[in-house]
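S.K.:
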Amino acid sequence: MKFQKKMIADNILYVVEGDLSVTNFFVVDKLCVDIRNSSKIGGYNFIWDLSKTNLVDSTGLSVIAITIASAMRDGKKVKLCGVNPDNARLLKISKMGSNIEQYNHLDEALETVANGLPTQTMELELINEVC
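Here this note's numbering is used: position 45 in the sequence shown is 42, and no number is missing along the way.
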(Lines of atoms letter the chains of each structure in order from A and count residues from 1; the text may use other names and numbers.)
(Lines give C-alpha, C1' and ligand atoms only; values in the text may rest on other atoms or scores of the structure.)
Protein backbone atom coordinates (compact mmCIF):
# COMPACT_ATOMS: atom_id res chain seq x y z
CA MET A 1 0.00 0.00 0.00
CA LYS A 2 1.08 3.55 -0.65
CA PHE A 3 -0.56 6.92 -0.48
CA GLN A 4 -0.01 10.34 -1.96
CA LYS A 5 -0.97 13.58 -0.30
CA LYS A 6 -1.86 16.65 -2.34
CA MET A 7 -3.00 20.09 -1.20
CA ILE A 8 -5.79 21.73 -3.19
CA ALA A 9 -6.78 25.08 -1.68
CA ASP A 10 -8.22 24.22 1.78
CA ASN A 11 -8.47 20.53 0.89
CA ILE A 12 -6.14 17.63 1.52
CA LEU A 13 -6.36 14.88 -1.07
CA TYR A 14 -5.19 11.39 -0.16
CA VAL A 15 -4.78 8.98 -3.07
CA VAL A 16 -4.56 5.45 -1.68
CA GLU A 17 -3.19 2.56 -3.73
CA GLY A 18 -3.59 -0.87 -2.18
CA ASP A 19 -5.50 -2.29 0.75
CA LEU A 20 -6.35 0.04 3.61
CA SER A 21 -5.96 -2.79 6.10
CA VAL A 22 -4.02 -4.26 9.01
CA THR A 23 -1.69 -6.05 6.57
CA ASN A 24 -0.34 -2.59 5.71
CA PHE A 25 -0.30 -1.39 9.31
CA PHE A 26 2.93 0.63 9.16
CA VAL A 27 1.83 2.64 6.11
CA VAL A 28 -1.65 3.08 7.62
CA ASP A 29 0.01 4.30 10.83
CA LYS A 30 1.97 6.92 8.84
CA LEU A 31 -1.29 7.99 7.25
CA CYS A 32 -2.92 8.39 10.69
CA VAL A 33 0.01 10.49 11.89
CA ASP A 34 -0.29 12.71 8.82
CA ILE A 35 -4.04 13.18 9.36
CA ARG A 36 -3.50 14.08 13.02
CA ASN A 37 -0.72 16.54 12.13
CA SER A 38 -2.92 18.14 9.48
CA SER A 39 -5.80 18.44 11.92
CA LYS A 40 -3.54 20.24 14.42
CA ILE A 41 -3.16 22.96 11.81
CA GLY A 42 -6.91 22.73 11.17
CA GLY A 43 -9.29 24.06 8.59
CA TYR A 44 -8.98 21.36 5.93
CA ASN A 45 -11.57 19.33 4.05
CA PHE A 46 -10.35 15.81 3.36
CA ILE A 47 -10.78 14.08 0.01
CA TRP A 48 -10.00 10.38 -0.31
CA ASP A 49 -9.48 8.69 -3.67
CA LEU A 50 -10.07 5.00 -2.99
CA SER A 51 -10.46 3.94 -6.62
CA LYS A 52 -7.29 1.80 -6.37
CA THR A 53 -8.24 0.29 -3.01
CA ASN A 54 -9.79 -3.17 -3.02
CA LEU A 55 -10.05 -3.83 0.71
CA VAL A 56 -10.92 -1.62 3.68
CA ASP A 57 -10.97 -3.51 6.98
CA SER A 58 -11.42 -2.30 10.57
CA THR A 59 -7.97 -0.69 10.48
CA GLY A 60 -8.94 1.25 7.37
CA LEU A 61 -12.27 2.22 8.93
CA SER A 62 -10.42 3.65 11.92
CA VAL A 63 -8.36 5.87 9.61
CA ILE A 64 -11.51 7.14 7.95
CA ALA A 65 -13.09 7.68 11.40
CA ILE A 66 -10.06 9.74 12.48
CA THR A 67 -10.45 11.80 9.32
CA ILE A 68 -14.16 12.37 9.99
CA ALA A 69 -13.51 13.43 13.60
CA SER A 70 -10.76 15.84 12.51
CA ALA A 71 -12.91 17.39 9.80
CA MET A 72 -16.04 17.71 11.94
CA ARG A 73 -14.09 19.32 14.77
CA ASP A 74 -13.25 22.14 12.33
CA GLY A 75 -16.65 22.20 10.59
CA LYS A 76 -15.17 20.68 7.45
CA LYS A 77 -16.11 17.76 5.19
CA VAL A 78 -14.81 14.36 4.15
CA LYS A 79 -15.27 13.29 0.53
CA LEU A 80 -14.72 9.68 -0.58
CA CYS A 81 -14.20 8.89 -4.26
CA GLY A 82 -14.13 5.63 -6.18
CA VAL A 83 -15.35 3.47 -3.31
CA ASN A 84 -16.05 -0.06 -4.57
CA PRO A 85 -19.43 -1.66 -3.72
CA ASP A 86 -18.04 -3.89 -0.95
CA ASN A 87 -16.32 -0.99 0.80
CA ALA A 88 -19.37 1.25 0.34
CA ARG A 89 -21.48 -1.42 2.05
CA LEU A 90 -18.95 -1.63 4.90
CA LEU A 91 -19.07 2.14 5.37
CA LYS A 92 -22.85 2.07 5.49
CA ILE A 93 -22.92 -0.83 7.98
CA SER A 94 -20.34 0.86 10.23
CA LYS A 95 -22.48 4.02 10.55
CA MET A 96 -19.41 6.22 10.93
CA GLY A 97 -20.63 9.72 10.21
CA SER A 98 -23.13 11.93 8.47
CA ASN A 99 -20.34 14.18 7.23
CA ILE A 100 -19.17 11.86 4.43
CA GLU A 101 -19.82 12.77 0.82
CA GLN A 102 -19.39 10.00 -1.73
CA TYR A 103 -18.52 10.36 -5.43
CA ASN A 104 -18.01 7.85 -8.19
CA HIS A 105 -14.87 9.60 -9.47
CA LEU A 106 -12.27 11.98 -8.09
CA ASP A 107 -12.95 14.62 -10.73
CA GLU A 108 -16.57 14.87 -9.49
CA ALA A 109 -15.38 15.69 -5.96
CA LEU A 110 -12.79 18.14 -7.25
CA GLU A 111 -15.48 19.84 -9.33
CA THR A 112 -17.54 20.48 -6.19
CA VAL A 113 -14.46 21.96 -4.55
CA ALA A 114 -13.92 24.26 -7.52
CA ASN A 115 -17.56 25.25 -7.97
CA GLY A 116 -18.93 25.00 -4.45
CA LEU A 117 -21.78 22.80 -5.75
CA PRO A 118 -24.10 20.87 -3.44
CA THR A 119 -23.00 17.31 -2.86
CA GLN A 120 -24.47 13.85 -2.23
CA THR A 121 -24.16 12.84 1.43
CA MET A 122 -24.08 9.26 2.74
CA GLU A 123 -26.33 8.57 5.72
CA LEU A 124 -23.94 7.53 8.49
CA GLU A 125 -23.65 8.20 12.23
CA LEU A 126 -20.55 9.71 13.91
CA ILE A 127 -18.51 7.70 16.40
CA ASN A 128 -17.82 9.98 19.37
CA GLU A 129 -14.58 8.38 20.50
CA VAL A 130 -11.78 7.80 17.98
CA CYS A 131 -8.51 6.23 19.22
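Glycine included, each C-beta is placed from N, C-alpha and C at the ideal position.
For Lys27, name the three-state secondary structure that DSSP assigns.
M.R.: Within the sequence shown, residue 27 is the residue found at index 30, counting from 1. DSSP places Lys27 in helix when its eight states are reduced to three.
S.K.: Using the C-alpha atoms, what's the distance from Leu58 back to Asn125?
M.R.: One-based indexing of the sequence shown puts residue 125 at position 128. One-based indexing of the sequence shown puts residue 58 at position 61. With a pLDDT of 31 at Asn125, under the threshold of 50, the modelled position of that residue is not reliable, and the figure given next carries that caveat. For Asn125 and Leu58, the distance between alpha carbons rounds to 14 Å.
S.K.: Leaving out five residues before and five after Asp54 in sequence, what residues of the same chain have Cβ atoms less than 8 Å from its Cβ?
M.R.: Position 57 of the sequence shown, counted from the first residue, corresponds to residue 54. The answer, listed in chain order, is Asp16, Leu17, Ser18, Val19.
S.K.: How about Ile5 and Leu77: do their beta carbons lie closer than 9 Å?
M.R.: In the sequence shown, counting from the first residue as 1, residue 5 sits at position 8. In the sequence shown, counting from the first residue as 1, residue 77 sits at position 80. Cβ atoms of Ile5 and Leu77: not closer than 9 Å.
S.K.: Grab me the residues of Val12's own chain with a C-beta within less than 6 Å of its C-beta, minus the 5 sequence neighbours each way, in chain order.
M.R.: Residue numbering aside, residue 12 sits at position 15 when the sequence shown is read from its first letter. Closer than 6 Å at the Cβ level, and outside the excluded window around Val12, lie Gln1, Asp46.
S.K.: Do you know how far the Cα of Asn8 is from the Cα of Ser35?
M.R.: For the purposes of this step, residue 35 is identified with residue 38 of the sequence shown, where counting begins at 1. For the purposes of this step, residue 8 is identified with residue 11 of the sequence shown, where counting begins at 1. Whole-angstrom Cα-Cα distance: 11 Å.
S.K.: With DSSP run on the structure shown, which of helix, strand or coil describes Glu120?
M.R.: Reading the sequence shown from its first residue, position 123 is the one you call residue 120. With a pLDDT of 34 at Glu120, under the threshold of 50, the modelled position of that residue is not reliable, and the figure given next carries that caveat. Coil at Glu120, not helix or strand.
S.K.: Check whether the Cβ atoms of Ile65 and Ile97 lie closer than 9 Å to each other.
M.R.: The sequence position of residue 65 within the sequence shown is 68, counting from 1. The sequence position of residue 97 within the sequence shown is 100, counting from 1. Yes, the pair counts as a contact, with Cβ atoms nearer than the cut-off.
S.K.: Where do the N-terminal and C-terminal ends of the alpha helix (DSSP H) with Met69 fall, by residue?
M.R.: Taking the sequence shown and counting its residues from 1, one reaches residue 69 at position 72. Its alpha helix (DSSP H) spans residues 55 to 70.
S.K.: The alpha helix (DSSP H) that contains Ser48, what's its start and end?
M.R.: Your numbering for residue 48 matches position 51 in the sequence shown. First-last for Ser48: 42 to 49, but that is the beta strand (DSSP E), not the alpha helix (DSSP H).
S.K.: Look at Ile61 and Leu103 and say whether their C-beta atoms are less than 9 Å apart.
M.R.: Residue mapping note: residue 61 aligns to position 64 of the sequence shown, counting from 1. Residue mapping note: residue 103 aligns to position 106 of the sequence shown, counting from 1. Taking 9 Å as the Cβ cut-off, Ile61 and Leu103 do not qualify as a contacting pair.
S.K.: Go through its chain and collect everything with a Cβ distance to Gly40's Cβ below 8 Å, but skip five positions before and after it.
M.R.: The residue given as residue 40 occupies position 43 in the sequence shown. Same-chain partners within the cutoff: Asp7, Asp71, Lys73.
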